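Participant: Pasting a structure here, questions to come.
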Amino acid sequence: MKILLFLVCSAMVLYADKYQDDISKQAIVKIYTTAKVPNYQEPWSSSMRSSTGSGAIIKDNFILTNAHVVANQAFIEVQRYGQRKRYIAKVYAVSHQADLALLKVENKDFFEGVIPLKFGTLPDVEQKIVVYGYPMGGSTLSATIGVVSRVEHHTYAHSGESFLAVQVDAAVNPGNSGGPALSGGKIVGVVMQVISKSQNIGYLVPVNMVEHFIEDMKDGRYDGFADLGIGTQKLENPTLRRYYDLEDSITGVLVDKILYNSSLKGIIKEADILIKIDGHKIEDDGTVAFREYEYTNYQYFIDRYQMGESIKLDIIRDKKKMQIDAKLKYVADDMYLVKTTRYDTMPSYFVYGGYVFSPLTRNLIRSTTRNRLMLSYLASQWQEEDVKEKVVLLKVLASNLTRGNNDFGMWTIEKINGEKFVDFKEFYEKMQSVKEKYIVLEDEDGVKVIIDREEAQAKQSEILKKYNIEFDKSIDFRN
321 MKILLFLVCS AMVLYADKYQ DDISKQAIVK IYTTAKVPNY QEPWSSSMRS STGSGAIIKD
381 NFILTNAHVV ANQAFIEVQR YGQRKRYIAK VYAVSHQADL ALLKVENKDF FEGVIPLKFG
441 TLPDVEQKIV VYGYPMGGST LSATIGVVSR VEHHTYAHSG ESFLAVQVDA AVNPGNSGGP
501 ALSGGKIVGV VMQVISKSQN IGYLVPVNMV EHFIEDMKDG RYDGFADLGI GTQKLENPTL
561 RRYYDLEDSI TGVLVDKILY NSSLKGIIKE ADILIKIDGH KIEDDGTVAF REYEYTNYQY
621 FIDRYQMGES IKLDIIRDKK KMQIDAKLKY VADDMYLVKT TRYDTMPSYF VYGGYVFSPL
681 TRNLIRSTTR NRLMLSYLAS QWQEEDVKEK VVLLKVLASN LTRGNNDFGM WTIEKINGEK
741 FVDFKEFYEK MQSVKEKYIV LEDEDGVKVI IDREEAQAKQ SEILKKYNIE FDKSIDFRN
């Protein structure tokens, strides 16, 4: 009798699991994207590319997926599990920072009979997960089983920023992107990337990042994940600790830079010791305990708050402990000298007598190996009040006007006719307003490119026609 009862109970559990799996599958979506991909080396042109990804239906008839699945999109279709009809979808909200997006389908027939997936909690290490999606190797739904390997900060390939990520050993392949990772039938993360040449090392955007994004979008505007706008240094070195006369019981990080547009400017000072964030102790290596025995970057507690909210910081200044409030106003992109990777927009540029100019962006750096060392260094720098963006001479179009200068490319410009400029917009305005015979462009080493203004303007149309360039400037500079 006991054996029979055990078999009946086991059958009921298996049936319940299968029923839950069937319910979950109904909410899985295949996403077909046609994207307009900019050519950053020829910023007036682009190409079309088709790709597929995965997603999941959640509450309020949203489809949750990755931002990189629909980045630069021109047309999107979605298809539910077990159906063949495709429906037109549109991007409702996107966070390129966190590699997340929400899609909407106007045709209500698409959602008929589906039960939206719910959110779980941040998974534990060794917790079992099931990854659903439509990866390469077939056209039907794929499910792979694995466990959580670790939870810590990791660089998101799509944006280049670092956030909390969940590493899993479940097989993840191209096409899985945007698909949900479920545990107990609930979403605990969204598949975002895999380490190539590795054995089953994939990463999820964790559920807490997803919920932050959705909460952020409730007012119809994406504000993003905040940055304090300060630079900090680890305090692991014993000599450094003695220099600042720190007791063994005190741990934290040293504030070594405050950006000009930081929300903490005038509130925090260089050489302050940041010891707690949101009431949580900061270790000497810059980590915090977010769960028992688990540590990650102290940015974790900042990422829990929405833009416009405040977070408490405990500091030591001149050997005295004090507490300050930091209002979250800016994202990291407001601080970088070179903006994070751009999507959903064509690059800015203008052509002047065969000389092609552009702001320095990470997209541009990624598109070439030319001058990479110096440009990568600039990408690690912060804005200053008088320099918020770098400008490059992207390339020189060969002509009798430009001969001898054709080797210039990805060349950073510091001055125009002896004057510095704040950003690409001001550089453009200065180029247009020059009245002298010559325009003198100069880099930080004093190397010069000289343009005869009248000759350049006279040859402009001829050069544009020769290189089949329709517009001499990007749409953001066409009034």
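Under this note's numbering, the first residue of the sequence shown is numbered 321, with each subsequent residue one higher.
Positions of the beta carbon are idealized from the N, C-alpha and C atoms, including for glycine.
If you're wondering where the values come from, they're calculated on a predicted model, not measured in any experiment.
1. Mind pulling the beta strand (DSSP E) runs of 3 or more residues that sit fully within the segment 739-763?
2. Do residue 524 and residue 488 have their C-beta atoms closer together than 8 Å?
3. Determine the extent of the alpha helix (DSSP H) in which residue 633 is found, giving its start and end residues.
4. Just list the residues that DSSP pairs residue 677 with in beta bridges.
5. Tell me whether residue 617 sits in a helix, a strand or coil according to DSSP, three-state version.
6. So is residue 822 buried or exposed if we call it buried at 16+ other beta carbons inside 10 Å?
7. Check residue 569 in the structure and name its three-state DSSP category.
8. Going by beta carbon distance, what residues of the same chain come within less than 6 Å of residue 592, once the five residues before and after it are set aside?
9. Got a sec, what are the start and stop residues for the alpha helix (DSSP H) residue 697 sits in?
10. So is residue 494 buried or exposed if we call it buried at 16+ other beta carbons inside 10 Å?
11. Please state the DSSP three-state secondary structure of residue 497.
12. Quick check on the burial criterion: 16 or more other C-beta atoms within 10 angstroms. Buried or exposed for residue 419?
13. Measuring straight from C-alpha to C-alpha, what distance separates residue 795 and residue 355?
14. Which word fits residue 435, buried or exposed, when buried means at least 16 other C-beta atoms lie within 10 angstroms of its C-beta?
15. Would you mind stating whether residue 422 and residue 527 have Cβ atoms separated by less than 8 Å?
16. Measuring straight from C-alpha to C-alpha, what distance separates residue 559 and residue 622?
17. Taking the straight line between their C-alpha atoms, what separation do you get for residue 389 and residue 372?
18. Need the endpoints of the beta strand (DSSP E) that residue 299 sits in, please.
19. Can you tell me whether residue 408 is buried or exposed? The criterion is at least 16 other CB atoms within 10 Å of its CB, across all chains shown.
20. Excluding the 5 residues flanking residue 653 on each side, which residues of the same chain have their C-beta closer than 6 Å to its C-beta?
21. Apart from the five residues on each side of it in sequence, which residues of its chain come closer than 7 Å, Cβ to Cβ, to residue 748?
22. Go through its chain and collect everything with a Cβ distance to residue 533's Cβ below 7 Å, but skip five positions before and after it.
23. Using a Cβ-Cβ cutoff of less than 8 Å, which residues in the same chain neighbour residue 366 once the five nearest sequence positions on both sides are dropped?
24. If you draw a straight line from the C-alpha of residue 687 to the C-alpha of residue 695, how long is it?
Facilitator: On the basis of the supplied data:
1. DSSP runs (the beta strand (DSSP E)) wholly in the segment 739-763: 758-762.
2. With contacts defined by Cβ atoms closer than 8 Å, residue 524 and residue 488 form a contacting pair.
3. Careful: residue 633 lies outside any alpha helix (DSSP H), inside the beta strand (DSSP E) at 630-637.
4. The partner list for residue 677 (beta bridge, DSSP) reads 670, 713.
5. The DSSP-derived three-state label of residue 617 is strand.
6. With the chain covering 321 to 799 only, the question about residue 822 has no answer from this structure.
7. Three-state DSSP puts residue 569 in coil, outside helix and strand.
8. Short of 6 Å from the beta carbon of residue 592, and not among the five residues preceding or following it, lie these beta carbons of its own chain, in chain order: 575, 635, 637.
9. First-last of the alpha helix (DSSP H) with residue 697: 692-699.
10. So residue 494 ends up on the exposed side.
11. Coil, per DSSP.
12. Label assigned to residue 419: buried.
13. Answer to the nearest angstrom: the Cα atoms are 19 Å apart.
14. Residue environment analysis places residue 435 among the exposed positions, since fewer than 16 neighbouring C-beta atoms fall within 10 angstroms of its C-beta.
15. Judged by their CB atoms, residue 422 and residue 527 are not nearer to each other than the 8 Å cut-off.
16. Approximately 30 Å, taken between the alpha carbons.
17. Cα to Cα, the separation comes out at about 7 Å.
18. Residue 299 cannot be examined here, being either before or after the span of the chain that is shown, 321 to 799.
19. Exposure of residue 408 is indicated by the presence of fewer than 16 other C-beta atoms within 10 angstroms of its C-beta.
20. Excluding residues within five positions, the ones whose Cβ falls inside 6 Å are 659, 660.
21. Once the five neighbours on either side are set aside, the close Cβ partners of residue 748 are 670, 797.
22. Result list for residue 533: 415, 418, 420, in chain order.
23. Here the set comprises 356, 357, 358, 359, 666.
24. For residue 687 and residue 695, the distance between alpha carbons rounds to 12 Å.
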